[in-house]
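Accompanying notes for the structure given below.
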Amino acid sequence: MAQLYARVTQQIIEAISAGVGDCRMPWHRSGNDIGAPRNAFSKRAYRGLNVVTLWATAEAKGYVSGGWATYRQWLEANAQVRKGEKGTMVYFWENRQAGGRDEGGDEEGDGANRRCFIARSYMVFNADQVEGYVAPVTAPLSEEGRLEKAEAFFDAIGAEIRNGGDQAYFDKGTDHVQMPAFGQFRSAHGYYAVLAHELAHWTGAKHRLDRDMGKRFSMEGRAMEELVAELGAAFIMAELGLANEPRRDHAAYIANWLQVFQHYDRAIFTAAARAQAAADYLIARAGAGLPERGGSLPITDNNMENAA
292 MAQLYARVTQ QIIEAISAGV GDCRMPWHRS GNDIGAPRNA FSKRAYRGLN
342 VVTLWATAEA KGYVSGGWAT YRQWLEANAQ VRKGEKGTMV YFWENRQAGG
392 RDEGGDEEGD GANRRCFIAR SYMVFNADQV EGYVAPVTAP LSEEGRLEKA
442 EAFFDAIGAE IRNGGDQAYF DKGTDHVQMP AFGQFRSAHG YYAVLAHELA
492 HWTGAKHRLD RDMGKRFSME GRAMEELVAE LGAAFIMAEL GLANEPRRDH
542 AAYIANWLQV FQHYDRAIFT AAARAQAAAD YLIARAGAGL PERGGSLPIT
592 DNNMENAA
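Structure below.
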C-alpha cells in the first residue's frame, strides 16, 4: 500500500513540476482529446485519481487517444502492444472482509465482521501504444452543441450565480457563486472552467458534502481545497467536452501542493476522491434536479476509485 501511495504521488509531483513554467497542470486539457480517459472497449470513463494519472501519462508521452485497455484486452481485440512499451498503473479499492479475531479474541464477534478497503492495481496501455487497432469513428458534438450542453448543465444545478465585478468566488455566508460578466472571459470555455471551479467549492458547504480539508491538512487546508476545486472542475469540463485552460491566479498554490504531497503521500488520493465526489454531486443535480441534501457522501480517504 505504501509503495502505491509513493509511486502515484511521485508521478503527480513530476507532472506538476514539469508544468510550473506556464502553470499547466496534468488536468489542464485542450486539443483533440479533452474528454476523460476511457476504456477503449467498455467505453467506461476512468474516475478520480486514475483520470489524473492517465492524463499525466498522455501529456508526458504525447498520446493523442483517450482510449486505454489492459494488455489482455488489446490481445483479445487482435491488437498488439508494441515491444518495449510500458504500461500505466491504474488502481481501485476493493471492499473485503477484514481477517483476524475481534478484541475479545472471538472469531464470531463483531471484529470478525469488519470490512476494509484494499488497494488493487493493474497496468493499462494507450491506443497509441498498440498496432492493429482502428478506433471506431464517432461524430463529435459541434462546438455550438457543446456550449449549449454546458449552459443547460450549469443552469440545471440550481446554484445561485451572481454576475458582476472582476473576481470569481464562492461566498459561504450568502451561499452564492460570484462570477465576472461572461464578456470578460477570452472564451466560453474559460468562463465555464471558472464556473465549474467555483461550483466545486459550492459543493463543500455543510448542507451539501460538508467538506473541510483543514481538518486533515491544517495550514495547508486552503491549498488542498483549491486542489479539490481544480480537479473537480477538470472532471466536469471533461464530462462536457470542453477545454480546461490554466489559471494564472492559481500559480501561488503550486508550491503549496508540492509541499503537501511531499509530506502527505496520501494527499493526492484524498483530493482526487473529494473532487470526484464533488463532480458526481454536480452531475447528479444537473441530471436529476436533486434537492439540497444534508451531510456528506459516504467517502473516506480510501474512497473507491473504480477503474474502468
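If you count the sequence shown from 1, position 123 lands on 414 in the working numbering, and the numbers rise without skipping.
Even glycine gets a Cβ: it sits at the ideal position worked out from N, Cα and C.
From glutamate 398 to alanine 410, what distance separates their C-alpha atoms?
-> Here the question's residue 398 lines up with position 107 in the sequence shown. Here the question's residue 410 lines up with position 119 in the sequence shown. Because the pLDDT of glutamate 398 is 47, which lies under 50, any placement of that residue in the model is unreliable, and the question is left without a value.
For serine 308, does the three-state DSSP call read helix, strand or coil?
-> On the sequence shown, position 17 is the one that residue 308 refers to. Helix, per DSSP.
If you follow the alpha helix (DSSP H) that glutamine 469 is part of, which residue opens it and which one closes it?
-> If you number the sequence shown from 1, residue 469 lands on position 178. No alpha helix (DSSP H) holds glutamine 469; the beta strand (DSSP E) holding it covers 467-470.
In angstroms, rounded to a whole number, what distance separates the CA positions of glycine 339 and alanine 563?
-> The sequence position of residue 339 within the sequence shown is 48, counting from 1. The sequence position of residue 563 within the sequence shown is 272, counting from 1. Looking at the backbone, the Cα of glycine 339 and that of alanine 563 are separated by about 5 Å.
Under three-state DSSP, which class holds aspartate 462?
-> Counting from 1 along the sequence shown, the entry for residue 462 is found at position 171. Of the three classes helix, strand and coil, the one that applies to aspartate 462 here is strand, per DSSP.
Sort out for me which residues DSSP pairs phenylalanine 383 with in a bridge.
-> Locating residue 383 in the sequence shown gives position 92, counting from the first residue. According to DSSP, phenylalanine 383 bridges with Arg411.
List the DSSP bridge partners of glutamate 422.
-> Taking the first residue of the sequence shown as 1, we reach residue 422 at position 131. Beta-bridge partners of glutamate 422 (DSSP): Gln371.
Asparagine 535, DSSP secondary structure in three states = On the sequence shown, position 244 is the one that residue 535 refers to. Three-state result, asparagine 535: coil.
Own chain residues within Cβ distance below 7 Å of tryptophan 548, not counting five before or after = By 1-based counting over the sequence shown, the position of residue 548 is 257. Cβ within range, chain order: Ile307, Ala514 and Leu518.
Give me the Cβ distance between valine 355 and phenylalanine 416, rounded to the nearest whole Å; I'm assuming they're in contact under 8 Å.
-> For the purposes of this step, residue 355 is taken as the residue at position 64 of the sequence shown. For the purposes of this step, residue 416 is taken as the residue at position 125 of the sequence shown. Actually they are not in contact, since the Cβ atoms of valine 355 and phenylalanine 416 sit about 14 Å apart, beyond 8 Å.
Should methionine 528 be labelled buried (16 or more other beta-carbon atoms within 10 Å of its own) or exposed?
-> Taking the first residue of the sequence shown as position 1, residue 528 is located at position 237. Buried, by the Cβ-count rule.
Own chain, CB closer than 6 Å to methionine 595, minus 5 neighbours either side, in chain order | Within the sequence shown, numbered from 1, the residue matching residue 595 stands at position 304. Low per-residue confidence applies at methionine 595: pLDDT is 38, beneath 50, and the placement is therefore not dependable, though the value from the model is reported in the following sentence. Counting only Cβ-Cβ distances below 6 Å, and skipping sequence neighbours, we find Trp384.
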